[in-house]
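Take a look at the structure below.
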Amino acid sequence: MHKCAGVIVLVALFGSGASLAAQKKIISPPGTKPGGNYSQGIMADGTLFISGQGGEDETGKIPADFGTEVKQCLNHIGAVMKAAGMSPADVVSVQVYLTDRSKFQQMNAIYTSYFTDPRPTRTTVVVAGLVGPGNIEITVTAKK
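Quick note: the sequence shown uses the working numbering, first residue -3, plus one each step.
Here it is, written out as structure tokens:
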């Protein structure tokens, strides 16, 4: 009897893992090609996880103006969200990585025009550098 119960528990555990894996869906905006060994977005069980997005323009260059870079970063996030059928109102958590603390106020002014009340939770971290050449990277989690 105990062996049977153990087998049932194992089947339930492994069966649910396979089920969750089947529920994951890669989200990529139309016309974009994946870069690196990651997905731009993953939808899992109704939650959208967006990988860190930078502020590159269509040619892959970082704009000279930081405000333009922030807006482009948020536009990239918006494109992934749109591809998933979501909007900024669905965002529940944001992580912002900045390379220059003095640019926080400028980033924050643009950010507050993008995310309205009720605003998502947010963590902002100043880092020594990013993997790419940019000055900002933003990661988002959204839930319908």
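A virtual CB, placed ideally from N, CA and C, is assigned to each residue, including glycine. None of these values were measured; they are calculated from a predicted model.
What separation, rounded to the nearest whole angstrom, lies between the Cα atoms of ASP86 and ALA124?
Indexing the sequence shown from 1 puts residue 86 at position 90. Indexing the sequence shown from 1 puts residue 124 at position 128. Their backbone Cα atoms lie some 30 Å apart in a straight line.
What is the residue span of the beta strand (DSSP E) that MET77 lies within?
Taking the first residue of the sequence shown as 1, we reach residue 77 at position 81. Note, MET77: premise wrong, no beta strand (DSSP E); alpha helix (DSSP H) at 62 to 79.
How long is the line joining the alpha carbons of GLN102 and GLY63, rounded to whole angstroms?
Residue 102 sits at position 106 when you count from the first residue of the sequence shown. Residue 63 sits at position 67 when you count from the first residue of the sequence shown. Roughly 7 Å separates the two Cα atoms.
Can you round the beta-carbon distance between ARG141 and VAL90 to whole angstroms, since I take them to be within the 8 Å contact cut?
Residue 141 cannot be examined here, being either before or after the span of the chain that is shown, -3 to 140.
To the nearest whole angstrom, what separates the beta carbons of ILE46 and VAL136, a pair I think is in contact under 8 Å?
By one-based count along the sequence shown, residue 46 stands at place 50. By one-based count along the sequence shown, residue 136 stands at place 140. Contact between ILE46 and VAL136 holds, since their C-beta atoms are separated by about 4 Å, short of 8 Å.
Extent of the continuous beta strand (DSSP E) to which ALA109 belongs:
Taking the sequence shown and counting its residues from 1, one reaches residue 109 at position 113. Before going further, note that residue 109 is Ser rather than Ala in the sequence given. In this chain, SER109 is not harboured by any beta strand (DSSP E); it is covered by the alpha helix (DSSP H) spanning 100 to 110.
How should VAL122 be labelled, buried or exposed, when 16 other C-beta atoms within 10 angstroms of its C-beta is the threshold for buried?
Residue 122 sits at position 126 when you count from the first residue of the sequence shown. It is exposed - the Cβ of VAL122 has fewer than 16 other Cβ atoms within 10 Å.
At the level of alpha carbons, what is the spacing between GLY74 and ASN104?
Against the sequence shown, residue 74 aligns to sequence position 78. Against the sequence shown, residue 104 aligns to sequence position 108. So the two alpha carbons sit approximately 17 Å from each other.
Buried versus exposed call for GLY81 [16 or more other C-beta atoms within 10 Å across all chains shown]
One-based indexing of the sequence shown puts residue 81 at position 85. Exposed is the call here.
Starting from the Cα of GLY48, find the closest Cα among GLY37, GLY42 and THR55 and give me that residue.
For the purposes of this step, residue 48 is taken as residue 52 along the sequence shown, with counting starting at 1. Among GLY37, GLY42 and THR55, the Cα nearest to that of GLY48 is on GLY37.
Closest Cα partner of TYR110 within the set TYR93, LYS21, LEU70 and PRO26
Position 114 of the sequence shown holds residue 110. When only C-alpha atoms are compared, the closest one is LEU70.
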